[in-house]
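One structure below.
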């Protein structure tokens, strides 16, 4: 996935400020359990941390995620997710609350689906930071990274590719 490091304190503080003000575009790919029927949907539900877990909670902090279907696989749906906020476990909780948890998620996921996809080669959470974009110091930065080989292999297998 994408990782941003700052060489100087000024850059670090600028990036943190951009994150706080929602000026950083954060895009992920995730494989969700089941066949999602909508092409696009938006989840706008506040989240709160309770006893080590994050839960939907009207008294929590606002969290907004936009989901878009990339393709349907055998019993799963590959989606792109754009975060408008950056809460801990946001995608995982929003996906689970929508009835389609992220595959491979031991905390918020579906145990039966995870076990079935483990037999198909999924050995970890299928959540990948695909793109990060931001402006800083008069320049535009965009970092993209493809699915790692182990996740791409799961997609290829599910599509019936050799």
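In the working numbering, the protein residues as written are 131 to 292.
Yeah, the Cβ is synthetic: ideal placement off N, Cα and C, and Gly gets one too.
None of these values were measured; they are calculated from a predicted model.
Of the residues 156, 185, 182, 205, the one placed nearest residue 162, counting alpha carbons only | Indexing the chain shown from 1 puts residue 162 at position 32. Nearest C-alpha to residue 162: 205.
Among the residues of its own chain, which have a CB less than 8 angstroms from the CB of residue 169, if the five just before and after it don't count?
-> The sequence position of residue 169 within the chain shown is 39, counting from 1. Result list for residue 169: 198, 199, in chain order.
As assigned by DSSP and simplified to three states, the class of residue 160 = As a first step, residue 160 is located in the chain shown; it is residue number 30 there, counting from the start. In the structure shown, residue 160 sits in a strand (DSSP, three-state: E or B).
Beta-bridge partners of residue 266, as assigned by DSSP = The sequence position of residue 266 within the chain shown is 136, counting from 1. In the DSSP output, where bridge partners are listed per residue, residue 266 has 269.
Enclosing beta strand (DSSP E) for residue 136 [first to last residue] | The sequence position of residue 136 within the chain shown is 6, counting from 1. No beta strand (DSSP E) holds residue 136; DSSP gives it neither H nor E.
Assigned secondary structure, residue 242 (DSSP; H/G/I helix, E/B strand, else coil) | Translated into positions along the chain shown, residue 242 becomes position 112. In this structure, residue 242 counts as helix in the three-state DSSP scheme.
Please report the residue range of the alpha helix (DSSP H) in which residue 193 lies.
-> Start at 1 with the first residue of the chain shown, and residue 193 comes out as number 63. No alpha helix (DSSP H) holds residue 193; DSSP gives it neither H nor E.
Three or more beta-carbon pairs under 8 angstroms between the region 235-248 and the region 213-227, yes or no?
-> Touching, yes.
Residue 183: first and last residue of the uninterrupted beta strand (DSSP E) it sits in | Here the question's residue 183 lines up with position 53 in the chain shown. In the DSSP assignment, residue 183 falls within the unbroken beta strand (DSSP E) covering 183-186.
Is residue 239 buried or exposed, if buried means 16 or more other CB atoms sit within 10 Å of its CB?
-> Within the chain shown, numbered from 1, the residue matching residue 239 stands at position 109. Burial state of residue 239 is buried, judged by a 10 Å Cβ sphere holding 16 or more other Cβ atoms.
Pair every Cβ in the region 167-181 with every Cβ in the region 241-250, then say whether three or more of these pairs are closer than 8 angstroms.
-> No, they do not touch.
From the DSSP output, read off the bridge partner residues of residue 206.
-> Stepping through the chain shown from its first residue, residue 206 is reached at position 76. Residue 206 pairs with 163, 203.
Own chain, CB closer than 6 angstroms to residue 88, minus 5 neighbours either side, in chain order | One cannot answer for residue 88 here, as it falls past the ends of the chain, which runs 131 to 292.
Check whether the Cβ atoms of residue 195 and residue 173 sit closer than 8 angstroms, and answer yes or no.
-> For this step, residue 195 is matched to residue 65 along the chain shown. For this step, residue 173 is matched to residue 43 along the chain shown. With contacts defined as CB atoms closer than 8 angstroms, residue 195 and residue 173 qualify as a contacting pair.
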